Every structure is written in C-alpha cells, then in structure tokens.
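Asker: Below is a structure I'd like to ask you about.
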Amino acid sequence: MTARPPVELSIIVPCFNEAGNIQLFYTAICKVLTDTAWEIIFVDDDSPDGTSRIVTSIAQQDARVRLLRRVGRRGLSSAVIEGVLASTAPLLVVMDGDMQHDESILPQMISPLRENRQDITVASRHMEGGDSAGLAHRGRHLLSRTGIRLGQIFLKHPLTDPMSGYFAFRRDCFSQALPKLTGTGFKILLEMLLALPRSVRMGEVPFVFRERHAGESKLGPIVLFQFLGMLVERVIGHIVPMRFFVFAFVGALGILVNLAVSEGARFAGLGFGASQSTGMVAAIITNFFLNNCLTYHDRPLKGWLRLSTGFAVFMVGCSLGAYANIGVAEMIYHADRHWSQASAAGAVIGVVWNYAVASTLVWR
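Each residue of the sequence shown is one higher than the one before, starting from 2 at the first, in the working numbering.
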C-alpha cells in the first residue's frame, strides 16, 4: 500500500451512481499530479450502483483515496462541505467524478493558490479557450446559460462561469465562508462567492467541458429551481429559510389544483361539498409528492411504507392546518370585519402550521 505523505491538496468528488467512472478518474489524477501530495475524497450519497464498493477497493491499495459514504442524506453542496471538513489540506479542489472536468488543468489551477496569488481559481467554460460542448442537449445548455446570467446579477465578483462545478480554493477562504453556507442546492461555488467579501482574489482558467464517460447527468429543471431558491434566500439575508419559500410555492400550486379539480367535479355533476372535498384531496396529494421531490429533495421518502405513513401524517396535519386557517380568519373577521385581512392572516397561519408539521413529523 502507498504510504500517506502530508497532504497539500484534497480533491473533493461528490458522487452518485458513478461506478463506471471511478477507476478512470483515479487513474487520470495519478497521471497528472505527479509533483503534488494529494488525496481524493469521494463523497458518495449511498449510490445503489456500487460506487462505494469500487472506491473502497481502490482505497485498500492507495491510502491517498478516501471514501465518505453518506446514508440518508443527499445534495451536492452539502456533500462538498462535508468532504472539505473531512480534510486538512491547505488547498482544495471540487470536481465531478464523471470525467467531464478536464483533470489536465489541475496544475494550472492550484499554482496561483500555492503561491498565494489567488484565493479561488475557477475552471470556466465561457472564457476564451473554454467550451461547454459536453453538455448533453439543448435543454442543458439553456439551463446552464440561465443560471449563469442570474448568478452574475447577484455576484460581487466578475466571473464568466459562476455556475462552474470545477474550482480550486484555499482552506482559509472556505473557512471564512463556512458560517454562511446553507448546504442546499447544487452550486456550492456560487453560494461561497455570495458569502465572501469583494477582497477575495479570483482567477479563471479556460477548460473544455467533455462529454460524460458513463452514467447520467443530474442537471435538470429541479436543479435550476433549487438554484433560484438559494438566490432568493441570499437576497433576504436568511430571514426565512429557502425551504419555506419552496413549501409555500408548492402550496400555491396546490390551490390551483384544488380549484381546477373542484370545478371539474362540479361540471361532472357532483354537489358543492363533494366537489370541494375532491379538490382538497387532489391538492393535498399533489402537494405531498411535489414536496417530496422539491422541498425535501435532500431527504425524500422512499418505499411504500414510508410514503404511505408520511402521506397519512401529512393529510392529518394539513386537515388540522385548514381548521386553524378558518379559525384564525373567523376570529380576525369578527374583530374588525375586514374580510381580506382576515383571509390573508388565516392563510399565513395555515402555511406555517403545515410547514411545521411537514418538517418535524413527515420529512424530519
């Protein structure tokens, strides 16, 4: 087994279902980092394809490879944070394990950090010499461009690719940002930059984003939705958690479902009470499954037993929330006879109650 020297560079690789890429990634790093004391920390979110088993097999032969296996937790940003906290190296790199990030530019990325000329070096697809051709299809290109433009609006630091998932940084820079990091979403670089002062020294290195070697991309509309939520949370200064905004958004969609189904049931010949009940049940079902994949994407309920139990608790909790909504609204209405204010207050109480039930009892 290779002896473990003092580590100068930790490469943090968050992964999920990357079994087909791990060996190739490890071999590529060994070839390019010949004059650096490095380690790779694979942070695996309990992949069902055997990713952890392959990492373990390599780690048994090379002490520079480590596995951090997370069970019951999901999310790229939180995986990166845990990976960094599990290391002690002064220099760190975050990169994907799917071979889309060009490992040959690693020496160019870490050199200015080693010489203390920069705090963060970002691998950019959108500066001269870079290319994003490896994005799978037009939809991914659109999602990426949209995220970049939104990120540039809020950033204090001019960057051509704030949505990059490939970047290097000094540990003291990460420690400065750590207290403000939420660990939600998929773009930890942007969250770090939003948490750091203007004085942070930035640099970019062009790279060509390659096609994925194996497995499937995790980028999709849900990722962009979570990204928007993270920006909203940053703008309001953490007064209200992003998860509450997503929960409230899902609740608004549930209202639309309720109205549509109620009208449809009434059109089909059901009475007013039956139509309203049908609409309410449809809304609760919709809200439950949307919350499972959006609001609580990092802790989704899986399996028939957990889903059915969670749904039963959610149904009871929402029903109690509806009674609280009506009770508060009636109390305020009888006090000042202002219908709209009473209705709004009741709605707020209902949303807060439902969120408390969901976060503490269903997706705890």
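Every residue, glycine too, gets a C-beta built ideally from N, C-alpha and C. Model, not experiment: these values are computed from the prediction.
(1) For threonine 122, does the three-state DSSP call read helix, strand or coil?
(2) Buried or exposed for glycine 280, please, with buried defined as at least 16 other CB atoms from any protein chain shown within 10 angstroms of its CB.
(3) Just tell me which of Gly270, Phe26, Pro7 and Gly21 has its CA closest to the CA of isoleucine 13.
(4) What are the boundary residues of the beta strand (DSSP E) that includes valine 8?
(5) Could you spell out the range, first to last residue, of the alpha helix (DSSP H) harbouring glutamate 83?
(6) Which partner residues of phenylalanine 43 appear in the DSSP bridge assignment?
(7) Please classify leucine 34: does DSSP put it in a helix, a strand, or coil?
(8) Over what stretch of residues does the beta strand (DSSP E) that includes glycine 204 continue unbroken?
(9) How would you call glycine 368, buried or exposed, if buried means at least 16 neighbouring beta carbons within 10 angstroms?
(10) What is the DSSP secondary structure of arginine 199, reduced to helix, strand or coil?
(11) Using only alpha-carbon positions, find the residue among Thr35, Cys31, Val56 and Leu190 that is nearest to phenylalanine 17.
(12) For aspartate 50, which three-state DSSP category applies?
(13) With DSSP as the reference, identify every bridge partner of arginine 171, one or two as the case may be.
(14) Considering only residues of the segment 243 to 302, which uninterrupted alpha helix (DSSP H) runs meet the minimum length of 4 residues and lie entirely inside it, listed in chain order?
(15) If threonine 296 sits next to valine 247, beta carbons under 8 Å apart, how far is it from one beta carbon to the other, in whole angstroms?
(16) For the alpha helix (DSSP H) that leucine 114 lies in, which residues bound it at each end?
(17) How should leucine 34 be labelled, buried or exposed, when 16 other C-beta atoms within 10 angstroms of its C-beta is the threshold for buried?
(18) Looking at the strands, I want to know which residues DSSP matches up with aspartate 132.
(19) Closer than 6 Å by C-beta to valine 72: which residues in its own chain qualify, once you throw out the five before and the five after it? Chain order, please.
(20) Starting from the Cα of serine 263, find the closest Cα among Arg244, Ala283 and Leu254 and give me that residue.
(21) Taking all protein chains shown into account, do 16 or more other C-beta atoms lie within 10 angstroms of the C-beta of glutamine 24, making it buried, or fewer, making it exposed?
(22) Rounded to whole angstroms, how far is the Cβ of valine 206 from the Cβ of threonine 122, which I believe are closer than 8 Å?
(23) Taking the alpha-carbon of aspartate 97 as reference, which of Ala29, Leu179 and Lys303 has the nearest alpha-carbon?
(24) Less than 8 Å between the beta carbons of arginine 172 and leucine 93, yes or no?
(25) To the nearest whole angstrom, what separates the beta carbons of arginine 126 and phenylalanine 208, a pair I think is in contact under 8 Å?
(26) How big is the Cα-Cα spacing for valine 8 and serine 360?
(27) Excluding sequence positions up to five away, which residues of its chain have a Cβ less than 7 Å from the Cβ of aspartate 50?
(28) Tell me the rounded alpha-carbon separation between methionine 316 and phenylalanine 43.
(29) Find the nearest neighbour of asparagine 355 within the set Gly322, Ile189, Leu182 and Val363, judged by alpha-carbon distance.
(30) With a 10 Å radius around its C-beta and 16 neighbouring C-beta atoms as the bar for buried, classify glutamate 129 as buried or exposed.
(31) Would you mind sorting asparagine 117 into buried or exposed? The rule is 16 or more other CB atoms within 10 Å of its CB.
(32) Among residues of its own chain, excluding the 5 on either side of alanine 266, which ones have a beta-carbon nearer than 6 Å to its beta-carbon?
(33) Can you tell me whether aspartate 120 is buried or exposed? The criterion is at least 16 other CB atoms within 10 Å of its CB, across all chains shown.
(34) Rounded to whole angstroms, what's the CA-CA distance from valine 358 to leucine 254? Just pull it up for me.
(35) Is arginine 365 buried or exposed, if buried means 16 or more other CB atoms sit within 10 Å of its CB?
Answerer: Concretely, from the data shown:
(1) Note: threonine 122 maps to strand in three-state DSSP.
(2) buried
(3) Phe26
(4) Here valine 8 belongs to no beta strand (DSSP E), and DSSP marks it neither H nor E.
(5) Counting along the chain, the alpha helix (DSSP H) containing glutamate 83 begins and ends at 77 to 86.
(6) Val14 and Leu68
(7) coil
(8) Here the beta strand (DSSP E) through glycine 204 covers 203 to 207.
(9) Absent from the structure is residue 368, since the part of the chain shown begins at 2 and ends at 365.
(10) coil
(11) Val56
(12) coil
(13) Leu92
(14) Fully enclosed alpha helix (DSSP H) runs of 4 or longer: 243 to 268 and 273 to 291.
(15) 5 Å
(16) 107 to 115
(17) buried
(18) Val209
(19) Scanning its chain for C-beta atoms nearer than 6 Å, with the 5 sequence neighbours on each side dropped, one finds around valine 72 the residues Asp47, in chain order.
(20) Comparing alpha carbon positions, the residue from Arg244, Ala283 and Leu254 closest to serine 263 is Ala283.
(21) exposed
(22) 6 Å
(23) Ala29
(24) yes
(25) 7 Å
(26) The alpha-carbon atoms of valine 8 and serine 360 are separated by roughly 40 Å.
(27) Asn18 and Ala20
(28) 39 Å
(29) Gly322
(30) When all chains shown are included, glutamate 129 counts as exposed.
(31) Burial call: exposed.
(32) Ser276 and Thr279
(33) buried
(34) 19 Å
(35) exposed
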